[in-house]
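Visitor:
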Amino acid sequence: MLFLAVFCGFLAENKREHLVEARREKQYMKSFAEDLDADIVYMEVSLTNFNETIKKADSLIVLLDKADKKESANDIYYFFRTVTRHFAFGVNDRTIIQLRNAGDMRLISNKSVSDTIVRYYHDVDSIQYLDDRLIEGLDKFYPFLDKLLDGIDYGKLTDTANNIVLRVNEPLKLRTTDDETINSAILHVQRHINVIIAIKLAVKRLKERANVTRQFILKEYHLE
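Residue numbers (the numbering used here): 60 to 283.
#1: Please list, in chain order, all residues of the same chain as A269 whose beta carbon is under 6 Å from its beta carbon, the five residues on each side excluded.
#2: Straight-line CA distance for K128 to K206?
#3: Is DSSP giving F66 helix, strand or coil here?
#4: Output yes or no for whether 8 Å exceeds the beta carbon distance between I15 and L123.
#5: Label N228 either buried or exposed according to how many other C-beta atoms from any shown protein chain fall within 10 Å of its C-beta, with 16 as the threshold for buried.
#6: Is E267 close to chain D? Criterion is C-beta to C-beta, closer than 8 Å.
#7: What does the alpha-carbon distance come out to for the pair L225 and D218?
#8: Give the DSSP-derived three-state secondary structure of V227 in the structure shown.
#9: Measuring only the C-alpha atoms, how far is G196 from R83?
#10: One question on the structure: do V172 and F275 come within less than 8 Å of each other, judged by their Cβ atoms?
#11: Use the C-beta contact count for R144: other C-beta atoms within 10 angstroms, 16 or more gives buried, fewer gives exposed.
#12: For D184, count neighbouring C-beta atoms within 10 Å of its own C-beta (all shown protein chains included) and say buried if the count is 16 or more, exposed if not.
#13: So, L216 versus Y137, is the Cβ gap smaller than 8 Å?
#14: Let me know if T132 comes out buried or exposed under the rule of 16 or more other beta-carbons within 10 Å of its beta-carbon.
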């Protein structure tokens, strides 16, 4: 009888722990679905920004290649300032950090869901790798920008209070329009565009994965 009582107590405790872990798993998945919601919105904004940057970069190349570069100096300054502004890519990692730090990845009993989450963050890591290359490339702009742009005029486009780039009416001047400097500028802008396009395509695929993953989790955990 004592053995039976102990055994029944063990079963009851085991069932209680299982129910507690199942609730925690569902809470984690609800939180992760919310993270994906935020990621989708963030990526939509990012894609719009990438498209705008590519358009401005294309316009900058046209201006640099024109004969009347000095007359286009104000636009060249403005496009350089906007094209070389970049905010590092990063998704909402609130839930995945909690899962990893608490050692709770084991709670995800559905292997298909677990594999989907791992694939999602693998794709995020790939985008962040490209993003790091983009940031490294921005540093390579400065040597020829120092030759091309005037430091005082460059500062006139900065609104430090609101952290935005201004368009100014007063004439700005280029320090040089020699072929070597202009060619270097165009080459760097072209490379910059190529990396942005690669990131944009990767973000577009990640956004699609986020939508599919979110719907899959909502269905599997009956969160709809």
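In this text, a Cβ means the ideal position worked out from N, Cα and C, and glycines have one as well.
The model shown is predicted, which means the values in this text are computed figures rather than measured ones.
Guide: Let me lay it out:
#1: L95, D98 and I99
#2: 15 Å
#3: Annotation note: pLDDT 43 at F66 (below 50); position unreliable, no value reported.
#4: Outside the displayed span of the chain (60 to 283) sits residue 15, for which this structure offers no information.
#5: exposed
#6: Of the chains in the structure shown, none is chain D; there is only one protein chain.
#7: 7 Å
#8: DSSP places V227 in coil when its eight states are reduced to three.
#9: Within the model, the alpha-carbon separation for G196 versus R83 is close to 43 Å.
#10: yes
#11: exposed
#12: exposed
#13: A contact, by the Cβ cut-off of 8 Å.
#14: Note that residue 132 is Ala in the sequence shown, not Thr. Under this definition A132 is a buried residue.
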